[in-house]
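Read the structure below first, then the notes.
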Amino acid sequence: MEAFGLLLHGFAVLLTWKTLVLMMVGLVLGIFVGVLPGLGGPNGVAILLPLTFTMDPTSAIVMLSCIYWGALFGGAITSILFNIPGEAWSVATTFDGYPMAQQGRAAEALTAAFTSSFIGSLVAVLLITFLAPMISSFALKFGPPEFFAVYLLTFCSFVGLGREAKHKTVISMSLGLLLAGVGMDTVSGQLRMTFGSAELLRGINFLVAVIGLFGISEILLTMEERLALRGHAASISLRVVLGVWKDLPKYWVTLLRSSFIGCWLGITPGGAIAASFMGYNLAKRFAKEPESFGKGRIEGVFAPETAAHASGTSALLPMLALGIPGSGTAAILLGGLMVWGLNPGPLLFVEHKDFVWGLIASMYLGNVVGLVLVLTTVPIFASILRVPFAAVAPMIVVSCAIGAYAIQNAMFDIWLMLGFGVVGYVFKKIGIPLAPFTLALVLGNRAEDAFRLSMIGSGGDLKVFWSNGLVGSITTLAIVLLFWPVIDGLLARVGWTQRTRTTSP
Amino acid sequence: MSQTDLEIVVDDPTAPEDDSPSVVSSGTIEIFVCLLLLALAATLGYDNWRTGASWDSTGPEPGYFPFYLSIVLGGASLYGVIVALLARSGAAGTFITRAQARRVMAVFVPTLLFCLVTQFLGLYVASFLLIAGFMRMIGKIALWKSLLTAFLFTAIMFVTFDIAFDVIMPKGPLEAAFGY
């Protein structure tokens with residue numbers, strides 16, 4: 000029950016006018032980026048990050064996380080009304096959401112989407128509230144070998160469980176780790192990979208890379224497509240909302256199942272996209288008449304939205320408890336922590352109680368406020384799409400440039416951002432995933448430090464990673480996950496497991 | 000049909016045509032990118048080896064960790080080249096069509112110019128020029144609307160960042176003339 004007391008304290012930290020206003024601003028900006036084509040959670044958070052540089056960490060994280068919640072809510076609006084998924088994890092929402100809108104049930108579909116998002120997040124936040132403090136106090140006992148093992152586990156599970164071609168995930172990850180090492184070596188103070196350039200001395204800033212990779216590259220990608228669109232406008236009346244809520248208990252199995260899937264995939268770096276598809280597919284498989292899915296069934300909206308939000312929220316759990324982000328957006332928030340002078344990891348719960356519990360409390364409050372906000376303002380946000388992209392695109396470019404420059408006041412970073420924009424564009428087009436790159440770039444230095452400290456401690460003996468039960472099992476699990484596709488294939492051949500496949504996006 | 004079923008329609012005057020010919024295939028780009036990465040891996044690997052990639056009395060030298068990563072990167076890229084070469088005889092997807100390339104260049108070139116102008120005239124002037132120019136040329140939006148939007152957006156950015164949040168942006172002669 001200690002968590003409960005601390006949570007109340009968190010609410011006390013939060014309930015000031017200033018934070019509440021920031022929360023509203025964050026939510027509105029978030030829904031805005033969620034609705035706009037070509038912008039989404041990670042892009043929005045990355046572009047708007049500089050706004051928070053001069054704030055205190057608590058206000059900053061509240062605003063940023065609210066941008067994230069807003070983006071999660073916003074993605075559903077375009078999927079249902081326009082059949083355009085604002086986010087990859089909203090793709091599954093279009094399957095039944097858009098048919099519902101075509102049948103004139105747009106308001107119902109939107110209410111269902113927002114409500115289930117809210118439920119998904121709530122389950123995940125409850126999980127964070129009770130699990131995160133436990134994990135972090137456990138992790139306080141970790142030494143460098145344990146930390147390196149956990150980093151290794153994160154990287155390996157990306158390779159083993161990712162849906163992309165394995166070598167592309169490896170390319171993305173090793174490139175990220177390499178670029179993280181550019182500049183001054185944190186252990187010896189020696190320079191590496193700078194090739195005599197003074198600009199590279201500072202290293203490659205994670206946030207600059209992210210703004211380019213996600214912001215600029217998205218603009219380039221979006222421009223490739225035909226931007227004309229046609230869809231429905233909708234407003235939600237109280238009667239519809241109450242009608243959907245009244246039926247909610249009927250769908251408790253779907254909601255619970257999707258929440259569970261979402262939480263699980265969010266904590267392991269699998270991500271919201273996989274979660275939303277899995278939630279949808281399972282709801283379909285367990286339904287009495289599966290063929291009615293895709294024709295405007297409300298469960299087809301409940302299932303993916305709940306899962307996507309549960310996973311998007313629970314991705315913050317490993318970030319808070321261990322300093323390891325579970326998603327691209329969580330990685331960016333982690334980058335933010337470093338800018339505000341906080342050191343992510345289990346010590347956060349001890350040294351910065353106000354911050355952590357303020358953030359967790361903001362997850363509760365942000366989702367409640369967000370739900371009310373989207374339900375009442377959908378017509379306004381839907382009409383954002385009337386703003387021509389030719390006006391939005393240059394504004395996003397300018398915001399990106401401001402963001403990139405503000406981090407270290409360096410013109411070089413604007414050029415670097417542009418470079419990463421091109422890299423991100425090409426990588427996305429040839430299927431090299433960006434999430435492992437992001438994660439590797441933000442964790443690279445800490446993973447290396449943990450490795451070298453373990454090595455110094457053990458006198459260069461690699462057996463240190465199997466020196467006790469804990470570190471040994473994490474390392475072994477990491478290696479099993481790395482070779483999971485091979486192991487899975489072998490097991491299937493022997494007939495031990497049936498190879499179950501869920502539809503990939 | 001209920002009264003909520005108003006339609007929202009947005010047109011795209013410069014949209015790329017669907018039947019535009021392919022400029023380059025994905026396979027070719029994949030090979031090219033993997034070769035570039037291979038070269039990068041070799042360069043970085045060499046640099047790290049020079050820095051010291053072995054063990055000394057204190058443990059691994061600074062180049063140790065990145066050196067082995069360069070090998071991993073190089074290996075994966077080499078594998079990528081081989082896979083892409085083998086897949087080439089099969090169905091190669093289109094990387095970009097001519098019409099799409101034109102559109103992407105229509106954003107990329109202005110963005111490049113924006114960065115250049117920022118370097119010499121400051122960010123706010125560059126921002127005004129980029130937004131107004133882009134809206135007018137690419138979006139075919141009325142001149143007065145473009146100018147007004149660009150001015151308002153730039154002004155809001157200036158007030159938000161330079162004044163309210165104290166995040167100082169690069170400035171040029173115009174701002175200097177106003178005493179900033």
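From first to last, the protein sequence lines stand for chains A and B. Per numbering that gives the first Met the number 0, the first sequence starts with residue 0, numbered consecutively. Per numbering that gives the first Met the number 0, the second sequence starts with residue 0, numbered consecutively. Virtual Cβ for every residue (Gly too), placed ideally from N, Cα, C. No experiment lies behind these values; they were computed from the predicted model shown.
- With 16 or more neighbouring CB atoms inside 10 Å of its own CB, PRO387 (chain A) falls in the buried class.
- Beta-bridge annotation (DSSP): LYS170 (chain B) is paired with B:GLY121.
- If you draw a straight line from the Cα of SER126 (chain B) to the Cα of LEU190 (chain A), it is about 36 Å long.
- Look at the region 21-36 of chain B: the residues with a C-beta under 7 Å from a C-beta of chain A are SER25, ILE28, GLU29, VAL32 and LEU36.
- In the three-state scheme derived from DSSP, where H, G and I count as helix and E and B as strand, TRP54 (chain B) is classed as strand.
- When Cβ-Cβ separations below 8 Å define contact, GLY459 (chain A) makes contact with chain B.
- Neighbours of GLY58 (chain B) in chain A, taken as residues at a C-beta separation under 7 Å, are given in chain order as ARG451, MET454, ILE455 and GLY459.
- Between LEU139 (chain A) and PRO345 (chain A) a beta carbon distance of about 5 Å is seen, short of the 8 Å cut, so the two are scored as contacting.
- Look at LEU14 (chain A) here: in three-state DSSP terms it is coil, with no helix or strand label.
- With the rule of 3 Cβ pairs closer than 8 Å, the region 116-132 of chain A counts as touching the region 356-370 of chain A.
- Residue-level contact check: TRP54 (chain B) touches chain A, since one or more beta carbons of chain A fall below 8 Å from its beta carbon.
- Taking a beta-carbon distance threshold of 8 Å, ALA392 (chain A) counts as an interface residue toward chain B.
- Contiguous alpha helix (DSSP H) elements confined to the region 37-98 of chain A occur at 40-47 and 56-81, taking only those with 4 or more residues.
- THR96 (chain B) is bridged by DSSP to B:SER21.
- From the beta-carbon of ALA105 (chain B), the residues of chain A found nearer than 8 Å are MET222.
- Nearest C-alpha to SER258 (chain A) among A:TYR279, A:TRP244 and A:PRO435: A:TYR279.
- As summarised for the region 318-365 of chain A, the continuous alpha helix (DSSP H) elements at least 4 residues long and confined to that stretch are 327-338 and 347-350, given in chain order.
- Going by DSSP, PHE152 (chain B) is part of the alpha helix (DSSP H) stretching over 142-156.
- Take ALA449 (chain A), set aside five residues on each side of it, and the residues of its chain with a beta-carbon closer than 7 Å to its own are PRO143, PHE146, PHE147 and TYR150, in chain order.
- Listed along chain B, the residues sitting closer than 8 Å to GLY180 (chain A) by beta-carbon distance are PHE64, PRO65 and LEU68.
- Of A:PRO248, A:ILE118 and A:VAL396, the smallest CA-CA separation from GLY311 (chain A) is found for A:ILE118.
- Nearest Cα to ALA108 (chain A) within the set A:GLY211, A:PRO303 and A:ASP460: A:PRO303.
- The beta carbon of THR93 (chain B) sits no closer than 8 Å to any beta carbon of chain A.
- DSSP places LEU139 (chain A) outside both helix and strand once states are collapsed to three, so it counts as coil.
- The C-beta of LYS352 (chain A) comes no closer than 8 Å to any C-beta of chain B.
- A direct Cα-Cα distance of roughly 28 Å separates ILE455 (chain A) from SER171 (chain A).
- Taking every protein chain shown into account, the CB of ASP95 (chain A) has 16 or more other CB atoms within 10 angstroms, so this residue is buried.
- Residue pairing of LEU121 (chain A) in beta bridges, as defined by DSSP: absent, with no partner found.
- Counting only Cβ-Cβ distances below 8 Å, ASP184 (chain A) has contacts in chain B at PRO61, in chain order.
- Fewer than three pairs of CB atoms, one per stretch, sit closer than 8 Å, so the region 236-246 of chain A makes no contact with the region 207-219 of chain A.
- The shortest CA-to-CA distance from PRO109 (chain B) to any of B:PHE133, B:SER69 and B:LEU146 is the one to B:PHE133.
- Across the region 125-158 of chain A, no CB contact with chain B closer than 8 Å is found for any residue.
- Within the model, the alpha-carbon separation for PHE411 (chain A) versus ILE266 (chain A) is close to 36 Å.
- Contact between the region 73-84 of chain B and the region 27-35 of chain B is present: three or more C-beta pairs spanning the two stretches fall below 8 Å.
- Residue pairing from DSSP leaves MET410 (chain A) without any beta-bridge partner.
- Excluding sequence positions up to five before and after PRO289 (chain A), its CB lies within less than 7 Å of the CB of LYS283, all in the same chain and listed in chain order.
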